[in-house]
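Encoded structure:
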């Protein structure tokens, strides 16, 4: 990775932005997903729409929000509704194209643990819990996970299924009857993992300068590789300029 | 009945108004119930509040509405919500004190038929159906029925239970688990019927000049009488003045 | 991306023979213009779902568009009955499926929420359950009484009239909300008709008022006076005289044919219909001004 | 009939040791002033229910008011964790019951609707179901997949902050609505706090904005700046600096005690608290004006 040209966070944001499509209805959290959506809107996906679990649709924030319930998300939004409505009429009904997920642990099948390290009733570390992610993972048409690549974050099996990816692989997700297609990519500072046909996360693309060995060393299972592992195009000067000058000029997240 | 002094409709409205209590939250239809509520508000129950199944709370109509969805009910109301909310959060939750009911048939136990005369699948006369009355009858704390007293309207058994009173009497209503106390009075142009402890409608009060025989002749079952059948006080000049001059000056309903 | 089209194109694209349609609106905002257009286009075998069929579905039944009605109150509210519906049911020429109001809107709520059903407390009135097998029961897994459930209703098309919308279909609605929102979210396609097409900035000035978002809308049609003889809060009054006259207009084949010929087939669109109503009716339905107090959403522009 | 009382009287009357309380608001309108008053009054053994416990419940746990929390996301949103809650759970000194956001608000929706439970579609994530037996399953009587259900939550008291209310408790809310309305309808008692007490005519000018009706409200308290460090849309900004500082303020017994002594026990009420915050904070939290476009409800006065 060319540390001089861009940092790990910028790299993840830019690669996440590229996965978004024009017209996507995106259920978005603050921080990196928010920046990725705004970058996509300013580049190839001007009609992408951001939806917040707090009940805000089509936000046009005048400043970078700290929380998903920030007042700047509301002023000038297209619509605001109750949380019950956003989860019922939007997410459960199938109106959300993309969900972003994160967590302390992501496993070989894209399952996520954001609840607890250790035993649930006698926790070693208690984490915040599901929030909206249990339903987002199940019901958004596609999900993306953005996370730094560290071995402790990528165990073979998570301690707790806060939200599911492909469960145990094969047709185990489909058999639960959930409507969404599950996690379509995990974007890290080293690479992009994607599910193969069995729902197992495999190496799909390396960021410039990164190697399979580096990725494997930071992954808790024997990582498979796609037949043709791609190399992601380096962040362009224009992507970096928008990110740094327009979206996060105070460098709160990047 | 002193026909010169007041007509049957005025008599029913005034007697219905007297049954309402200050502070009652009343689920109200247009026409006679609407006039009864407005009369009660202008006499002994200034804090009575009218709620319409269309989702209007605390209406202050500038003119007499023709339908329960009239725009004059909305302008200046305290609150307007969706129909789903009015039935869920207000009625089913138990926030409604009084409901008004009507129908083509009312039986010995206060059950109402507003659906069909004859067989449901091969109707002799098809009536409008439940609308909100199935739930109002079950879930309002108290219900009142206002109807002209005619034999065909008071059969011993209704052809169809659109909404229930005391079902077959005894504890049969309580056993259904519905929360409301059921019909507390039937106000007609001849008398007031009230349920006895078995839930059977019996003669509780006669309007001035009316007789038990007259009531019995217009009722389809052997009518019991309360130990002390009262005589309702005649409409007062003030009640009649408010009704005629303030509430329905164009005599649409009265 | 603008979705503005003429109402006749929208009907052509989204309403097909055999569809289940939900023309929304409880007394308020009933989209009569859209239904007149459906009749003009000669659609057949429709299943017509509405809590209150109102004159709008009585007219469609009379015009021969309907195979079936799904409803919860089939009267002319505050006036009387709906002759064509009533006779269709009595004669067995019209299929029907019946609920209470709460059952009907609970079906839409389930449909709008992506759920298979919605629960309701029992009412003790079991006759409707007996005649309509779509009413079912579910055990309360917490040990209370059984609940009654109704299945999701997901119409092929919902037609929803609103006060103002932008060209993509983000819509402000006020006044009686009925089941507008639930019908729109439940339906597979949404045709939005609006009194006014406004700039997106008007919508964005009050996002809490946006009850229907563009993402669920397929077509946006600018149709002033779409709701007459129903009404649009703040735009024109309910034509109560028309509702009272319905008994006469609908009383027999000859009368209803005359009405259809004159007011549906005899005009090209709603603009012509409204002109034809004439100045006296326009003035009778005029409403005065009574504005909402504004609210401050706050500006967060960089100082 | 006016229900205006001081906040301390309202807390005294409606919040009792051992109660289940729901201090509503998703990020927005969180009633910090009410919770400071509960702490000042020394309430014990409370069950604290909120989708996001946020700093408000972390503070209550630290102050020793809580026996149990019911929640769906226990972080400091956008910042980090809630130390006192986390340690209470880790050490086993605090009982807890956990849901997803949708599970939590579905519990309120059931409670607000007078239903025993609400159904949700399956998510495949069964671990929470396994550890929380309040999650149950119900067969779909129409033959689809089982649905997940959660039981009604009916708190003893909901505390709901709003922008403006009349003296009886009819309240306008705008901006993020969270679960304000559901919590109020679900609760046995409702304490309403408001930035402004307005004349009933302001409420009546926009009835669609009235999300909470007086009939379910027990006490109305006029408490400007009630929500700080949370915010009130259009009145003052979220104090993000305070949320960022929480890590430090809450980091140990000494720090949190100093905070409680100074900002909770050290002031009489919210007016004193707000004064104490000082002019710089006031100016930092100032929001500009961005008004909603008015709507016309129509006047129907007799001509």
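Residue numbers (the numbering used here), protein chains in the order written: chain P, 1 to 254; chain W, 255 to 508; chain G, 509 to 811; chain Y, 812 to 1114. Virtual Cβ for every residue (Gly too), placed ideally from N, Cα, C.
- In the DSSP assignment, residue 899 of chain Y falls within the unbroken alpha helix (DSSP H) covering 894-902.
- Under the Cβ criterion (8 angstroms, minimum of three pairs), the stretch 263-280 of chain W does not count as touching the stretch 44-59 of chain P.
- Contacts between residue 1089 of chain Y and chain P, judged by CB atoms closer than 7 angstroms, are missing: the closest CB pair is about 21 angstroms apart.
- In the three-state scheme derived from DSSP, where H, G and I count as helix and E and B as strand, residue 1033 of chain Y is classed as strand.
- Contacts between residue 72 of chain P and chain G, judged by CB atoms closer than 8 angstroms, involve 808 in chain order.
- At a cut-off of 9 angstroms between C-beta atoms, residue 825 of chain Y does not count as an interface residue with respect to chain W.
- Residue ranges of uninterrupted beta strand (DSSP E) with 3 or more members, entirely inside the stretch 135-212 of chain P and ordered along the chain, are 142-146, 183-187, 191-195, 201-206.
- By the neighbour-count definition (other C-beta atoms within 10 Å, threshold 16), residue 552 of chain G is an exposed residue.
- Contact annotation: in the stretch 677-691 of chain G, residues whose CB is within less than 9 angstroms of a CB in chain Y are 680, 681, 682, 683, 685.
- For residue 909 of chain Y, the chain P residues whose Cβ falls inside 7 angstroms of its Cβ are 129, in order along the chain.
- Setting aside the 5 residues that flank it on each side, residue 960 of chain Y is surrounded in the same chain by 928, 929, 930, 931, 946, 947, 948, 949, each with a C-beta closer than 8 angstroms to its C-beta; the list follows chain order.
- Using a Cβ-Cβ cut-off of 8 angstroms, residue 953 of chain Y is close to 624, 625, 644, 659 of chain G, given in chain order.
- In the structure shown, residue 112 of chain P falls within a strand segment according to DSSP collapsed to helix, strand and coil.
- Against residue 693 of chain G, the close residues of chain P are 89, 93, in the order they occur along the chain (beta-carbon pairs closer than 7 angstroms).
- Among the residues of the stretch 1038-1053 of chain Y, those with a Cβ less than 8 angstroms away from any Cβ of chain G are 1044, 1045, 1046, 1048, in the order of the chain.
- About 14 angstroms separates the Cβ atoms of residue 522 of chain G and residue 691 of chain G, ruling out a contact at the 8 angstroms cut-off.
- The beta-carbon of residue 1099 of chain Y is placed less than 9 angstroms from the nearest beta-carbon of chain G.
- With a cut-off of 8 angstroms on Cβ pairs, the stretch 694-704 of chain G is not in contact with the stretch 759-771 of chain G, counting fewer than three such pairs.
- Membership of residue 1053 of chain Y in any beta strand (DSSP E) is not indicated; the residue belongs instead to the alpha helix (DSSP H) covering 1051-1060.
- Following the DSSP letters along the chain, one finds residue 260 of chain W in no beta strand (DSSP E), marked with neither H nor E.
- In this structure, the CA atom of residue 972 of chain Y is about 19 angstroms from the CA atom of residue 68 of chain P.
- Using a Cβ-Cβ distance cut-off of 8 angstroms, the stretch 816-824 of chain Y and the stretch 838-856 of chain Y are in contact, since at least three pairs of beta carbons, one from each stretch, lie closer than that value.
- Across the structure, residue 539 of chain G and residue 685 of chain G are spaced so that their CA atoms are roughly 14 angstroms apart.
- Taken in chain order, the complete beta strand (DSSP E) segments of 3 residues or longer contained in the stretch 845-916 of chain Y are 857-860, 877-882, 906-909.
- Taking a beta-carbon distance threshold of 9 angstroms, residue 917 of chain Y counts as an interface residue toward chain P.
- DSSP places residue 825 of chain Y inside the alpha helix (DSSP H), whose first and last residues are 818-825.
- When the five nearest sequence neighbours on each side are left out, the beta carbons in the same chain lying within less than 6 angstroms of the beta carbon of residue 136 of chain P are those of 27, 99, in order along the chain.
- Sixteen is the threshold: since fewer than 16 other Cβ atoms of the shown chains lie within 10 Å of the Cβ of residue 650 of chain G, the residue is exposed.
- When C-beta distances to chain G are compared with 7 angstroms, the residues of the stretch 408-436 of chain W below that value are 414, 415, 416, 417, 418, 421, 427, 430, 431, 432, in chain order.
- About 4 angstroms separates the beta carbon of residue 844 of chain Y from that of residue 1081 of chain Y, a gap short enough to meet the 8 angstroms contact definition.
- Among the CB atoms of chain Y, one or more fall inside 9 angstroms of the CB of residue 126 of chain P.
- Straight across, the Cα-Cα distance linking residue 884 of chain Y with residue 909 of chain Y is about 8 angstroms.
- If you compare the alpha carbons of P/224, P/56, P/241, P/219 with that of residue 105 of chain P, the shortest gap goes to P/219.
- Per the DSSP secondary-structure output, residue 95 of chain P pairs with nothing in a beta bridge.
- Residue 208 of chain P places its beta carbon less than 9 angstroms from that of residue 231 of chain P.
- If you draw a straight line from the Cα of residue 712 of chain G to the Cα of residue 718 of chain G, it comes to about 9 angstroms.
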